[in-house]
Amino acid sequence: KAGVTQTPRYLIKTRGQQVTLSCSPISGHRSVSWYQQTPGQGLQFLFEYFSETQRNKGNFPGRFSGRQFSNSRSEMNVSTLELGDSALYLCASKVSDTQYFGPGTRLTVL
Amino acid sequence: AQRVTQPEKLLSVFKGAPVELKCNYSYSGSPELFWYVQYSRQRLQLLLRHISRESIKGFTADLNKGETSFHLKKPFAQEEDSAMYYCALLNYGGSQGNLIFGKGTKLSVKP
Numbered sequence: 003k004a005g006v007t008q009t010p011r012y013l014i015k016t017r018g019q020q021v022t023l024s025c026s027p028i029s030g031h032r033s034v035s036w037y038q039q040t041p042g043q044g045l046q047f048l049f050e051y052f053s054e055t056q057r058n059k060g061n062f063p064g065r066f067s068g069r070q071f072s073n074s075r076s077e078m079n080v081s082t083l084e085l086g087d088s089a090l091y092l093c094a095s096k097v098s099d100t101q102y103f104g105p106g107t108r109l110t111v112l
Numbered sequence: 579a580q581r582v583t584q585p586e587k588l589l590s591v592f593k594g595a596p597v598e599l600k601c602n603y604s605y606s607g608s609p610e611l612f613w614y615v616q617y618s619r620q621r622l623q624l625l626l627r628h629i630s631r632e633s634i635k636g637f638t639a640d641l642n643k644g645e646t647s648f649h650l651k652k653p654f655a656q657e658e659d660s661a662m663y664y665c666a667l668l669n670y671g672g673s674q675g676n677l678i679f680g681k682g683t684k685l686s687v688k689p
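Structure, rendered in structure tokens:
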């Protein structure tokens, strides 16, 4: 099976803009989670979607949102970007409590 | 609060030496713990999961509930083991479960 894919791989935005990241899970996996990875805070959970419903959310401001489509693909959106949003955003699909990660999208906010 | 601590940011050993990457956790329930590895320019990948009790690439990890630890061990390190290692705890927290990661330990195996 193909692994988790994420697009785009790299993104450069300026403060105040918004951005949308996309994730396609492993075929047959219905759960998608998003994590933010930064040098200072490490890996932090953003949210999880299952069957188009958000069922778990981490401690991030409302500027971070997401959604899941009927084919299990997921998008996350960050509005009003701040410099501190620069990070690697990882998506993971899950089965039996084991998460399989994508390569990530590297977001740089200037 | 649920927490995972990896006390060493960097661990440097010589090839053939034993390796132990430390992980301590704080969790009120029965923990489910994982080790993930990230090789240079590769994605984060599962190394092992404590409930499977298997050995992957020569690594093992034993859950010690008394010491709340889940240390990763390998008797003889290889240069290809050089990578970032993350310990993670599955947090159910009233919901469906997400991973709480430690800050990671960078393992460097010298020739």
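Taken in sequence, the protein lines are chains Z and W. Here the first sequence stands for residues 3 to 112, where the numbers follow the working numbering. Here the second sequence stands for residues 579 to 689, where the numbers follow the working numbering. The beta carbon of each residue, even a glycine, is placed where N, CA and C say it ideally should be.
Contact set between residue i and chain W, taken where Cβ atoms lie within less than 7 Å
| i | result |
| --- | --- |
| residue 35 of chain Z | 676 |
| residue 104 of chain Z | 621 |
| residue 61 of chain Z | Per Cβ cutoff of 7 Å: no residues; residue 61 of chain Z is ~11 Å from chain W at best. |
Closest Cα partner of residue i within the set the options
| i | options | result |
| --- | --- | --- |
| residue 12 of chain Z | Z:47, Z:23, Z:60, Z:54 | Z:23 |
| residue 64 of chain Z | Z:80, Z:52, Z:55, Z:75 | Z:80 |
| residue 626 of chain W | W:620, W:634, W:619 | W:634 |
| residue 71 of chain Z | Z:85, Z:52, Z:87 | Z:52 |
| residue 585 of chain W | W:686, W:631, W:649, W:591 | W:649 |
| residue 61 of chain Z | Z:47, Z:68, Z:29, Z:73 | Z:47 |
| residue 44 of chain Z | W:653, W:599, W:678, W:621 | W:678 |
Within chain Z, partners of residue i - CB distance below 9 Å
| i | result |
| --- | --- |
| residue 664 of chain W | 44, 45 |
| residue 682 of chain W | 44, 45 |
| residue 523 of chain W | No information on residue 523 of chain W is available, as it lies outside the stretch 579 to 689 that chain W covers here. |
| residue 624 of chain W | 100, 101, 102, 103 |
Continuous beta strand (DSSP E) stretch holding residue i: start and end
| i | result |
| --- | --- |
| residue 25 of chain Z | 21–26 |
| residue 51 of chain Z | 44–52 |
| residue 100 of chain Z | 100–103 |
| residue 55 of chain Z | 55–59 |
Under 7 Å by beta carbon: chain Z residues contacting residue i
| i | result |
| --- | --- |
| residue 679 of chain W | 44, 45 |
Other residues of its chain near residue i: CB distance less than 8 Å, five sequence neighbours each side excluded
| i | result |
| --- | --- |
| residue 66 of chain Z | 48, 49, 78, 79, 80 |
May I ask you to list, following chain order, the residues of the region 18–33 of chain Z that have a beta carbon less than 9 Å from some beta carbon of chain W? 33
Chain W contacts made by the region 67–101 of chain Z, where a contact means CB separation under 9 Å: 92, 94, 96, 99, 100, 101
What residues from the region 627–646 of chain W come within 8 Å of chain Z, judged by C-beta to C-beta, listed N to C? 627
Selection of the region 603–619 of chain W by Cβ proximity to chain Z, strictly under 7 Å: 610
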